[in-house]
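Just below is one structure, and these are the notes that go with it.
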Amino acid sequence: MSYQLKPWHEIPIGSIVPEAGSSKVNHTGSWRMLRPVLNYDKCTHCLICWIFCPDDSIPVTPQERFETDFEYCKGCGICAVECPYDALEMVPEMEIKLKELEEEIG
Amino acid sequence: MAQKKVIALTGNQAAAEAMRQINFDVAAVYPISPQTELMGFFAEYVANGEVDTEMIAVDGEHSAMATCIGAAAAGARTITASAGPGIAYMVENLYVASGMRVPIVLLDVNRALSAPLSIHCDHADSMLTRDTGWISLFSENAQEAYHNIIMSVKISEKAMFPIIVNYDGYIVSHSIEDVEILDDETVRNFVGPSDIHRIPYPLLDVEKPVTYGATAQPDYYTECKYQQHHDFLKVYDIVREVFDEFAEISGKRYDFIEEYQTEDAEYIGISMGSSFGTLKDAVDRLREQGRKVGAIKIRLYRPFPVKELAKALSKAKGVVVLDRADSFDGIGGPLFKDVATSLLATENNPYLHNFIYGLGGREIHEEEFMRAFDRLERLEKGVETRENFVEYLQVRE
Amino acid sequence: MATATDKSMREIRWHGRGGQGTVTAAKMLASAAIIRGKHGQAMPEFGLERSGTPVKVSTRISDHIINTRAPVEHPEIVIITDPSLMFTIKDIIKSGTDENTVFIVNTNFPPDKVRKILDIPNNELWIVDASKIALEEFGRNIPNTAVLGAVAKATGIVDLDSLKQEITEAFEASSKLRALLPQNLKALERGYEEVYKAE
Amino acid sequence: MAKKRPIALLSELASHKETFGGDMPLAPGHRMCIGCGIPPIVNEIILAINEPVIVSNATGCLEVTTGVYPVTAWNVPWIHVNFQSAATVMAGVETAYKVLKKKGVIPEDKKIHFVAFGGDGGTYDIGFQALSATAERGHNVLYVCYNNEGYQNTGYQKSSATPIGAYTKTTPVGKARVGKQEPRKDLTMIMAAHGIPYVAQASPHIFRDLTKKTKKAISMPGFKFINVLEPCTLSWRFSPEDTMRLAKLAVETRYWPVYEVIDGKYWKVNIKPKKPKPIEEYIAAQPRWKHVLKYPDVLERIQKEVDEKWKLLLHLEEMSKKLAEEEGVDYEELFKVPEE
Numbered sequence: 001m002s003y004q005l006k007p008w009h010e011i012p013i014g015s016i017v018p019e020a021g022s023s024k025v026n027h028t029g030s031w032r033m034l035r036p037v038l039n040y041d042k043c044t045h046c047l048i049c050w051i052f053c054p055d056d057s058i059p060v061t062p063q064e065r066f067e068t069d070f071e072y073c074k075g076c077g078i079c080a081v082e083c084p085y086d087a088l089e090m091v092p093e094m095e096i097k098l099k100e101l102e103e104e105i106g
Numbered sequence: 001m002a003q004k005k006v007i008a009l010t011g012n013q014a015a016a017e018a019m020r021q022i023n024f025d026v027a028a029v030y031p032i033s034p035q036t037e038l039m040g041f042f043a044e045y046v047a048n049g050e051v052d053t054e055m056i057a058v059d060g061e062h063s064a065m066a067t068c069i070g071a072a073a074a075g076a077r078t079i080t081a082s083a084g085p086g087i088a089y090m091v092e093n094l095y096v097a098s099g100m101r102v103p104i105v106l107l108d109v110n111r112a113l114s115a116p117l118s119i120h121c122d123h124a125d126s127m128l129t130r131d132t133g134w135i136s137l138f139s140e141n142a143q144e145a146y147h148n149i150i151m152s153v154k155i156s157e158k159a160m161f162p163i164i165v166n167y168d169g170y171i172v173s174h175s176i177e178d179v180e181i182l183d184d185e186t187v188r189n190f191v192g193p194s195d196i197h198r199i200p201y202p203l204l205d206v207e208k209p210v211t212y213g214a215t216a217q218p219d220y221y222t223e224c225k226y227q228q229h230h231d232f233l234k235v236y237d238i239v240r241e242v243f244d245e246f247a248e249i250s251g252k253r254y255d256f257i258e259e260y261q262t263e264d265a266e267y268i269g270i271s272m273g274s275s276f277g278t279l280k281d282a283v284d285r286l287r288e289q290g291r292k293v294g295a296i297k298i299r300l301y302r303p304f305p306v307k308e309l310a311k312a313l314s315k316a317k318g319v320v321v322l323d324r325a326d327s328f329d330g331i332g333g334p335l336f337k338d339v340a341t342s343l344l345a346t347e348n349n350p351y352l353h354n355f356i357y358g359l360g361g362r363e364i365h366e367e368e369f370m371r372a373f374d375r376l377e378r379l380e381k382g383v384e385t386r387e388n389f390v391e392y393l394q395v396r397e
Numbered sequence: 001m002a003t004a005t006d007k008s009m010r011e012i013r014w015h016g017r018g019g020q021g022t023v024t025a026a027k028m029l030a031s032a033a034i035i036r037g038k039h040g041q042a043m044p045e046f047g048l049e050r051s052g053t054p055v056k057v058s059t060r061i062s063d064h065i066i067n068t069r070a071p072v073e074h075p076e077i078v079i080i081t082d083p084s085l086m087f088t089i090k091d092i093i094k095s096g097t098d099e100n101t102v103f104i105v106n107t108n109f110p111p112d113k114v115r116k117i118l119d120i121p122n123n124e125l126w127i128v129d130a131s132k133i134a135l136e137e138f139g140r141n142i143p144n145t146a147v148l149g150a151v152a153k154a155t156g157i158v159d160l161d162s163l164k165q166e167i168t169e170a171f172e173a174s175s176k177l178r179a180l181l182p183q184n185l186k187a188l189e190r191g192y193e194e195v196y197k198a199e
Numbered sequence: 001m002a003k004k005r006p007i008a009l010l011s012e013l014a015s016h017k018e019t020f021g022g023d024m025p026l027a028p029g030h031r032m033c034i035g036c037g038i039p040p041i042v043n044e045i046i047l048a049i050n051e052p053v054i055v056s057n058a059t060g061c062l063e064v065t066t067g068v069y070p071v072t073a074w075n076v077p078w079i080h081v082n083f084q085s086a087a088t089v090m091a092g093v094e095t096a097y098k099v100l101k102k103k104g105v106i107p108e109d110k111k112i113h114f115v116a117f118g119g120d121g122g123t124y125d126i127g128f129q130a131l132s133a134t135a136e137r138g139h140n141v142l143y144v145c146y147n148n149e150g151y152q153n154t155g156y157q158k159s160s161a162t163p164i165g166a167y168t169k170t171t172p173v174g175k176a177r178v179g180k181q182e183p184r185k186d187l188t189m190i191m192a193a194h195g196i197p198y199v200a201q202a203s204p205h206i207f208r209d210l211t212k213k214t215k216k217a218i219s220m221p222g223f224k225f226i227n228v229l230e231p232c233t234l235s236w237r238f239s240p241e242d243t244m245r246l247a248k249l250a251v252e253t254r255y256w257p258v259y260e261v262i263d264g265k266y267w268k269v270n271i272k273p274k275k276p277k278p279i280e281e282y283i284a285a286q287p288r289w290k291h292v293l294k295y296p297d298v299l300e301r302i303q304k305e306v307d308e309k310w311k312l313l314l315h316l317e318e319m320s321k322k323l324a325e326e327e328g329v330d331y332e333e334l335f336k337v338p339e340e
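Chains as they are written, first to last, in the UniProt record's numbering: chain A, 1 to 106; chain B, 1 to 397; chain C, 1 to 199; chain D, 1 to 340.
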């Protein structure tokens with residue numbers, strides 16, 4: 001949880017949430033066990049991965065797909081299965097984390 | 001001051017007249033006796049174009065309340081009406097409405113609950129609503145039902161809580177009497193025009209998308225409920241304010257409770273709804289015999305007028321609470337427990353007794369209320385004894 | 001009957017059958033009094049009626065605010081809008097009455113028969129054949145407006161003009177009834193004219 | 001680097017995303033399961049509508065995971081009242097809109113669409129009465145059922161949408177009984193029988209079809225119903241990456257025909273697999289259901305249900321064409337989406 005718990009008199013009446021899309025404070029990337037690794041050479045920016053992503057974790061413009069937003073990506077792998085160009089590969093998050101650590105330590 | 005005229009109306013006609021004058025935006029309707037006729041009268045106004053109201057004939061009372069919540073959250077001025085089992089069926093959604101803090105008016109044409117089935121009056125249905133977080137007003141007659149409905153719109157919107165106006169099935173709903181009606185313009189000015197910004201977060205304001213009916217985990221649920229609790233206690237002041245404003249247009253000044261001959265009364269009877277007139281007649285007859293008795297009517301039932309009642313009972317020797325519903329719990333009727341709790345804050349400690357009466361439309365006569373006073377006095381003086389706080393006033397042995 | 005606390009109170013009890021307009025007549029009587037600035041109340045006792053079942057209605061008229069919501073127990077006036085009820089629910093009709101109670105009966109029976117059936121040898125009794133009037137005026141046995149005319153004449157509780165005003169307003173407000181207004185006004189007048197006090 | 005080739009429709013939908021501050025209608029940070037099929041359904045539908053949308057939601061997975069106090073994933077006005085009331089709550093909102101427009105409170109040119117979402121529990125079962133009544137009254141509402149064939153939010157109990165033989169917690173597989181005994185209720189047919197302007201079945205995998213159906217639905221006044229199959233990774237017990245694969249397989253095996261019905265009388269089957277895949281392939285992919293492969297009699301019942309329904313749909317389509325011809329109506333034109 002990454003929001004401050006508010007006292008009763010600071011919350012809007014009727015348990016209403018007036019800030020649209022405020023769930024972005026929940027960084028669901030922490031759920032991820034597998035990470036979609038994108039091969040830019042294969043990606044055609046068709047946007048199929050984007051429309052099927054359950055977690056709105058694939059930033060796109062109408063023309064282009066960018067690197068997955070790992071703040072939110074839960075690592076389901078639908079993008080990798082549905083990509084018509086095999087541009088995505090699911091890699092265990094631990095492996096990547098370990099590699100990063102090794103690089104850091106040297 | 002408004003133009004007024006006295007006409008003969010039944011309780012349901014008077015309620016329909018108030019609805020017409022207020023010109024609600026949305027009305028959800030589902031038939032159940034003795035409420036059905038009310039929405040029939042109102043449907044005529046809709047059919048004749050005398051109101052702008054959109055009437056939705058829903059599939060049941062649960063849906064009626066769900067529809068009202070949707071319409072009210074959207075920003076519309078919304079009403080529904082029901083009775084007895086219909087109220088029971090919508091209870092789940094009554095909690096939703098008060099939790100969401102949407103202003104809705106619900107007319108409860110009081111009716112008993114099954115089994116056995118009874119279409120007649122008692123207050124069992126309303127007692128199901130007492131813990132739902134709705135404001136609740138009781139009406140003695142068609143006149144009060146009419147006035148209460150007009151005031152309820154304003155109370156509900158100022159407090160941002162839904163409100164129930166109760167009036168007794170058949171005894172008030174289907175009986176004709178003289179009712180003083182205000183002119184349309186006065187009523188419409190009093191309640192104000194339709195506007196989605198009467199409420200802070202209208203769904204129809206699509207530029208500011210809000211979420212209604214979120215889930216709260218244990219980390220927030222208590223704060224949400226405490227806020228509701230805190231704000232509900234502010235309802236007393238809001239009701240008083242609206243009662244005052246209403247007195248200015250109608251010349252009729254209401255209070256949370258109505259006292260009758262209580263000034264020097266040693267024994268006081270308490271009731272709600274249509275039986276209060278009969279109770280007053282009983283008091284008159286006993287006064288003719290030189291007995292020092294009085295009567296109190298509860299008009300604002302939720303939030304309960306604890307302080308006002310305690311003050312009114314501060315000199316009484318004995319109090320008999322007349323409940324038109326039973327709780328089947330060995331303690332007493334719902335109103336009895338409310339009264340007993342109110343007395344916790346007082347210095348004096350009057351003798352309390354409870355009678356259940358008028359169930360399932362059983363007619364009540366002044367002689368029976370006189371008997372309730374007699375029993376109270378003899379119990380208080382130790383002439384008679386009792387096994388329970390609660391007894392039935394009218395039952396064949 | 002004037003009550004202990006209100007000497008001006010008039011208490012009336014109606015006995016009729018569902019579908020014959022008894023409830024409406026009782027309400028019109030109260031309304032007509034309200035038009036003249038009095039306080040009025042008409043309380044039907046509802047069962048699970050369908051057409052044909054006996055209906056009981058209480059009407060009260062007073063100079064003062066009417067507090068009680070109890071049904072009329074000791075009527076000053078009893079109105080019987082359906083003659084067959086004299087046989088079937090005589091005990092209910094007679095309950096709470098005494099020799100001072102005034103009876104108004106819609107029937108084509110002669111007075112002595114009515115006295116005998118109801119066992120009211122000395123009571124004030126008024127008779128009107130309201131069903132006949134209704135059938136002649138608009139072809140249906142809905143005797144309520146003719147009975148109202150008879151009540152006005154027999155009791156003086158309300159005047160004929162107030163009733164005319166009330167009936168006119170009520171019928172004109174209803175798209176269903178509007179066309180029947182002239183016939184009903186005629187029935188009202190005939191009830192007033194044709195009712196007679198039994199010896 | 002591969003050449004940039006965005007699919008035109010997806011490019012168009014992506015441009016609509018800007019309305020929601022660059023996020024999807026359902027913003028990230030919600031608590032749906034990993035690989036849940038519901039968010040793509042919601043996003044495909046709302047992105048297909050180019051005007052403001054207000055959403056109501058029945059209690060269920062979508063509801064409990066998206067509006068969790070004090071935050072919300074919804075970028076559109078949203079209301080949840082309870083399990084059975086999604087349709088009727090939206091009827092209230094829509095009626096408020098209608099009357100307030102009449103009263104001049106809402107400007108005449110302000111167009112708003114009303115969409116209700118419910119799972120199969122809130123749609124087929126507890127919310128059915130309210131759904132049917134709202135349809136009958138003709139409120140201008142699009143109701144979308146995300147159908148995952150059971151009560152998944154409570155841990156997978158059977159609903160009337162659960163197929164024969166499937167394991168659920170209330171229809172376990174034992175010695176005396178093999179999963180659910182009864183066939184699934186055909187709610188789409190029931191809704192078509194209401195004679196409402198538009199009824200359809202769809203799959204989130206076929207986004208072209210679902211977005212087209214959404215556009216078609218909102219172009220028609222009155223009550224519209226779309227039943228969307230939503231494979232549930234948690235309860236059907238397949239790997240999260242396979243959600244869309246199963247949504248596709250359901251259509252390819254004819255288990256979930258995608259079709260549409262206009263006014264309850266003109267039927268059109270949108271996708272007719274030339275070589276339908278065997279139902280076994282679909283069943284085998286779902287551990288909740290694959291035990292039936294060991295029970296030929298159950299498997300036969302499933303295949304029979306699928307085949308008979310398919311045949312019926314084709315007949316209804318043929319009949320519709322004839323009916324249209326008799327009436328002098330252009331059958332193909334009926335199903336086209338009018339230009340916005």
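Even glycine gets a Cβ: it sits at the ideal position worked out from N, Cα and C.
- In this structure, the alpha-carbon of Ala116/D lies about 12 Å from that of Val81/D.
- The criterion of a C-beta distance shorter than 9 Å is satisfied by Tyr266/D and Phe335/D.
- Cβ neighbours of Ala76/B within its own chain (closer than 6 Å, five residues either side excluded): Asp25 and Val26.
- Interface criterion met: the Cβ of Lys6/A is under 9 Å from a Cβ in chain B.
- The contact set of Gly18/C on chain B, defined by CB atoms closer than 9 Å, is empty, because the minimum CB distance reaches about 13 Å.
- Residue burial annotation: Arg140/C is exposed, with fewer than 16 other C-beta atoms found within 10 angstroms of its C-beta.
- Chain order gives no chain C residues near Ala145/B, where near means a beta carbon separation below 8 Å; the closest approach is about 13 Å.
- Pairing Ile163/B with Ile249/B gives a Cβ-Cβ distance that is not under 9 Å.
- Counted as a single uninterrupted DSSP element, the beta strand (DSSP E) harbouring Lys297/B occupies residues Val293 to Ile298.
- Within a 10 Å sphere around the beta-carbon of Asp330/D sit fewer than 16 other beta-carbons, which makes this residue exposed.
- Judged by DSSP secondary structure, Tyr143/D falls outside any alpha helix (DSSP H) and instead within the beta strand (DSSP E) spanning Leu142 to Asn147.
- Remark: C-beta atoms of Ser136/B and Leu309/B do not approach each other more closely than 9 Å.
- Within chain B, not a single residue places a beta-carbon under 9 Å from that of Pro54/C; the smallest gap is close to 16 Å.
- Cβ proximity to chain D below 9 Å picks out Glu64, Arg65, Asp69, Glu71, Tyr72, Cys73, Lys74, Gly75, Cys76, Gly77, Ile78, Cys79, Ala80, Val81, Glu82, Tyr85, Ala87 and Met90 from the UniProt domain "4Fe-4S ferredoxin-type" (64–93) of chain A.
- Residue Gln227/B holds the alpha-carbon nearest to the alpha-carbon of His9/A among Asn349/B, Phe246/B, Gln227/B and Leu379/B.
- Ile77/C is positioned such that its CB atom lies no closer than 9 Å to that of Val105/C.
- Counting only runs of 4 or more residues that sit fully inside the UniProt domain "4Fe-4S ferredoxin-type" (64–93) of chain A, the alpha helix (DSSP H) segments are 78–82, in chain order.
- Neighbours of His27/A across chain B, judged by C-beta separation under 7 Å, do not exist; the nearest C-beta is about 17 Å away.
- Rounded to whole angstroms, the gap between the alpha carbons of Leu316/D and Tyr259/D is 11 Å.
- Counting along the chain, Val158/C sits inside no alpha helix (DSSP H), nor does DSSP assign it H or E at all.
- Along the UniProt domain "4Fe-4S ferredoxin-type" (34–63) of chain A, going in chain order, the ones with a CB nearer than 9 Å to a CB of chain D are Leu34, Tyr40, Asp41, Lys42, Cys43, Thr44, His45, Cys46, Leu47, Ile48, Trp50, Ile51, Phe52, Cys53, Pro54, Asp55, Asp56, Ser57, Pro59, Val60, Thr61, Pro62 and Gln63.
- Distance check between Gly294/B and each of Ala316/B, Val395/B, Thr262/B and Lys307/B places Thr262/B closest, using alpha-carbon atoms only.
- Between the C-alpha atoms of Asp242/D and Ile271/D there is a straight-line separation of about 21 Å.
- Between Val187/B and Gln21/B a beta carbon distance of about 4 Å is seen, short of the 8 Å cut, so the two are scored as contacting.
- If you keep only unbroken alpha helix (DSSP H) runs of at least 4 residues inside the region 30–83 of chain B, you get 36–47 and 61–74.
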